[in-house]
Amino acid sequence: MSPSGSGPEERYTAAPFVGGAGLDGLRRAAADCRGCPLHRDATRTVFGAGSADARVMLVGEQPGDQEDREGRPFVGPAGRLLDRAPAEAGLDPADAYVTNAVEHFKFARAEPRKRRIHKAPSRRETTACGPWLAAEPALVQPELIVVLGATAGKALLGSSFRVGEVRGTVLEREIRGRPERLVPTVHPSSVLRARNEDREAAYEGLVADLRIAAHVLG
Ligand code: URA
C-alpha cells in the first residue's frame, strides 16, 4: 500500500498502481493494487469485464463472495439478474462492459471459518479506488454509463447522489475531464433483497430504467 502520511488521516489511493498499456495492461496493474487495506483480506482484484469497444459501461458497487473467488464481476446472484434485466430492456450484452466502484471484496466474518458477509465500502475506500474508475471509461470510451446503486453513484457523481431522485433519467456530467452521459438505477441486489411481494415491481423498475439507457444508445 502507498498511503501518503500515516495514522487515521492517511490517504488511501490506487493512483500509484494505475498504469500499463490498454485495458489488458490496466487489468494486470490492478491485480497488484495495494491502494487501500481491502486487498489484504480479499482473494484478488476483480477488474471490469467485457468488450474494450463496449458502448455501455455498467458500474456496480464491489465484488461479492463469488466474484472474489472467480475473479470476474457480477457472476453471483446479482450478476444473474444483471444478465436478464439488460437483455429484457434491449441492451445487447455484447455491447456492455461491467465493472465496480471498488475492486476488492469487503466482508466481515461473524466467526472464523464462517460465511463471509458483505460489508459496504467506506467513502475512503471508494475514493481510493477512484483512479481505476477513471481509467476504465477513459480506455473503453463508452457512450453511456449505467450507474447501479448508491455506491457507484456517489463514486461517480459525488456524495449528494441519491438514486431515488435521479433513477431512470439521463445525466450529462463532466467526470474527471471526460464528458459522460449516465443513467442511474438501483443496484440489482436491492431487487433481490426486496420482499417477495415487492420483488417483481422492483425488477420491472430496474428494467424500465435500463430501457431508458437502451433508448439513448438507439
Ligand atoms: N455486486 C456488485 O456490485 N458487483 C459485483 O461484481 C457483484 C455484486
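7 is the number of the first residue of the sequence shown in our numbering; add one for each residue after it. Here a beta-carbon is modelled for each residue, glycine too, at the ideal position from N, C-alpha and C. The structure presented is a predicted model; accordingly, all values stated were derived computationally and were not measured.
Assigned secondary structure, residue i (DSSP; H/G/I helix, E/B strand, else coil)
i, result
"Gly66", "strand"
"Thr49", "coil"
"Met7", "The pLDDT assigned to Met7 is 48, lower than 50, so where the model puts this residue is not dependable; a value taken from the coordinates is nonetheless given after this. Note: Met7 maps to coil in three-state DSSP."
"Gly56", "strand"
"Val81", "coil"
"Thr105", "strand"
"Ala126", "coil"
"Glu144", "The sequence given here has Ala at residue 144, not Glu. Three-state result, Ala144: helix."
"Leu44", "helix"
"Leu97", "coil"
"Asp215", "helix"
"Arg90", "helix"
"Val24", "coil"
"Ala156", "helix"
"Glu186", "strand"
Cβ separation of residue i and residue j, assumed to be a contact under 8 angstroms, to the nearest whole Å
i, j, result
"Thr51", "Cys39", "6 angstroms"
"Ile218", "Val197", "The pair is not a contact, with the Cβ atoms about 17 angstroms apart (cut-off 8 angstroms)."
"Gly54", "Pro79", "6 angstroms"
"Glu142", "Cys42", "Not really, about 17 angstroms apart at Cβ, beyond 8 angstroms."
Best match in the options for proximity to residue i [C-alpha to C-alpha]
i, options, result
"Phe182", "Arg168, Arg78, Glu206 and Ala161", "The question names Phe, yet the displayed sequence has Arg at residue 182. Ranking Arg168, Arg78, Glu206 and Ala161 by Cα distance to Arg182 puts Ala161 first."
"Arg121", "Lys112, Pro127 and Ser128", "Lys112"
"Pro118", "Glu180, Leu212 and Asp47", "Asp47"
"Ala36", "Arg86, Ala84, Gly77 and Ala91", "Gly77"
"Arg173", "Arg61, Gly164 and His193", "His193"
"Arg34", "Phe23, Pro43 and Leu163", "Phe23"
"Val230", "Ile151, Ala116 and Gly56", "Beyond the ends of the chain as shown, which are 7 and 224, falls residue 230; an answer cannot be given."
"Ser57", "Glu186, Pro99, Ile123 and Arg75", "Pro99"
"Asp101", "Val169, Ala60 and Ala114", "Ala60"
"Ser166", "Arg184, Arg187, Arg129 and Asp215", "Arg129"
"Leu44", "Leu29, Pro127 and Leu87", "Pro127"
"Glu171", "Glu186, Arg75, Thr133 and Thr191", "Thr191"
Residue-chain proximity (residue i, chain B), Cβ-Cβ < 8 angstroms
i, result
"Leu145", "Note that chain B does not occur in the displayed structure, where there is just one protein chain."
Give a yes or no on contact between the segment 64 to 74 and the segment 103 to 113, applying the rule of three or more CB pairs nearer than 8 angstroms. Yes: the two stretches touch, three or more of their Cβ pairs being nearer than 8 angstroms.
Report yes or no: do three or more beta-carbon pairs, one from the segment 92 to 102 and one from the segment 131 to 146, lie closer than 8 angstroms? Under the Cβ criterion (8 angstroms, minimum of three pairs), the segment 92 to 102 does not count as touching the segment 131 to 146.
Neighbouring residues (CB closer than 5 angstroms to any heavy atom of the ligand URA): Around the ligand URA, the residues whose beta-carbon falls short of 5 angstroms from at least one of its heavy atoms are Gly66, Glu67, Pro69, Gly70, Glu73, Pro79, Phe80, Ala84 and Asn106, given in chain order.
Count the C-beta pairs between the segment 15 to 28 and the segment 129 to 141 that are closer than 8 angstroms, then say yes if the count reaches three, no if not. With a cut-off of 8 angstroms, the segment 129 to 141 and the segment 15 to 28 count as touching, because enough Cβ pairs lie within range.
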